[in-house]
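Enquirer: Encoded as C-alpha cells, here's the structure I'll be asking about.
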Amino acid sequence: MRMAELSAESGVPVATIKYYLREGLVPPGELTSPNQAQYQARHLQRLKLVRALLDVGGLSIVDVREVVRAIDEQAATHELLGAAQHGLIVRKEEVDEESRAWAMGHIEEIAAQRQWTIGPDDVYVKSLVGLLCTLRDLGHEQLIKIFPQYAECADSIAQVDLEAIGGLPTPELMVESAVVGTVLGDAVFIALRRLAQQHASRRMFGVVVEQPPA
C-alpha cells in the first residue's frame with residue numbers, strides 16, 4: 001500500500017506517519033521511485049503498536065524508540081516487555097533516607113517471600129517506596145499488614161497476564177498487548193476491586209446480600 005492507503009487503514013494522519021518515520025519509530029517503506037514508497041502489513045502493525053505505546057501507555061518518543069529498537073534487534077521477550085513496561089507512567093514520591101530504609105525493609109521482605117528479584121533503583125520499587133511512606137505519613141501504617149496478601153494477588157495476576165500474551169505470534173503484538181493490558185487492565189482491576197469491596201461491605205457491615213437464583 002502507499003502512504004495515503006496506510007494512513008486511511010491505520011487512522012494515523014500522513015504527517016504523523018512521516019514524523020514517526022523520521023524518528024525511527026516505523027521502518028521505511030520499499031522505495032518504488034525517488035518520492036514514492038510501498039508499505040506492508042508490518043508497517044500497519046507497527047503503527048498500531050506505536051499508537052498504543054504513546055496514547056494508551058503514555059510513553060515518550062524516546063521510550064517508544066527503545067521499545068521498537070528492541071523489537072527490531074530481536075531482543076529476548078523478557079527484555080522486550082521490560083522496555084515497554086519501563087516507560088509506563090508511575091507515581092513517584094520524594095522520601096528521606098530513614099523512610100526509604102523503612103519501606104525497603106518491607107519490600108525486600110516481600111520480595112524474598114515471593115522469590116522476586118528486585119533492586120533499589122528499579123522504577124517500580126522507587127514508586128512503591130513512595131507509596132508505602134505515604135501510607136505511614138497519613139497514619140495508615142496498619143495497612144502494611146495486608147502487604148503480603150497484595151503481593152500474592154499481584155503474583156497471580158502477573159502469571160495470568162503473561163500467559164495471555166505468551167502465545168501471540170509477533171513481538172509487536174506481545175508488546176502492544178502487554179502495554180494495553182497493563183494500563184486498561186489496571187483500570188479493570190480497580191473497578192472489580194470496588195465491586196468486591198461494595199459486596200464485602202454489605203456482607204460485613206450492612207444488609208445481607210441476596211444470592212441470585214440458581
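Numbered by UniProt numbering, the letters in the sequence shown go through residues 1 to 214 in order. Don't be surprised by glycine CBs; every beta carbon is placed ideally from N, CA and C.
Express the C-alpha separation of VAL125 and MET204 in angstroms, rounding to a whole number.
Expert: If you take the alpha carbons of MET204 and VAL125, they lie about 34 Å apart.
Enquirer: Can you give the Cα-Cα distance for GLU172 and SER201, rounded to whole angstroms?
Expert: Straight-line Cα distance between these residues: approximately 42 Å.
Enquirer: Using CA atoms only, rank isn't needed, just tell me which of ASN35, GLN36, PRO34, GLY29 is closest to LEU47.
Expert: When each option's Cα is compared against that of LEU47, the closest is GLY29.
Enquirer: Residue range of the beta strand (DSSP E) that residue 215 falls in?
Expert: Residue 215 lies beyond the residue range present for the chain, which begins at 1 and ends at 214; the question has no answer from this structure.
Enquirer: Sort THR32, LEU131, ALA83 by Cα distance to VAL95 and report the nearest one.
Expert: That would be LEU131, whose Cα lies nearest to the Cα of VAL95.
Enquirer: Can you tell me the Cα-Cα spacing of HIS140 and ILE110, whole angstroms?
Expert: Rounded to whole angstroms, HIS140 to ILE110 spans 19 Å at the Cα level.
Enquirer: Give the single residue among ILE71, GLN85, VAL50, VAL129 whose Cα lies nearest to the Cα of GLU98.
Expert: Cα-wise, what sits closest to GLU98 is VAL129.
Enquirer: Starting from GLY184, follow its DSSP beta bridges and name the residues at the other end.
Expert: A quick correction: the sequence has Leu, not Gly, at residue 184. DSSP lists no partner for LEU184.
Enquirer: Going straight from the alpha carbon of ASP121 to that of GLU73, what length do you get?
Expert: Going by the C-alpha atoms only, they are around 26 Å apart.
Enquirer: When the Cα atoms are used, what is the spatial distance from GLU176 to VAL64?
Expert: Spanning the two alpha carbons is a distance of roughly 11 Å.
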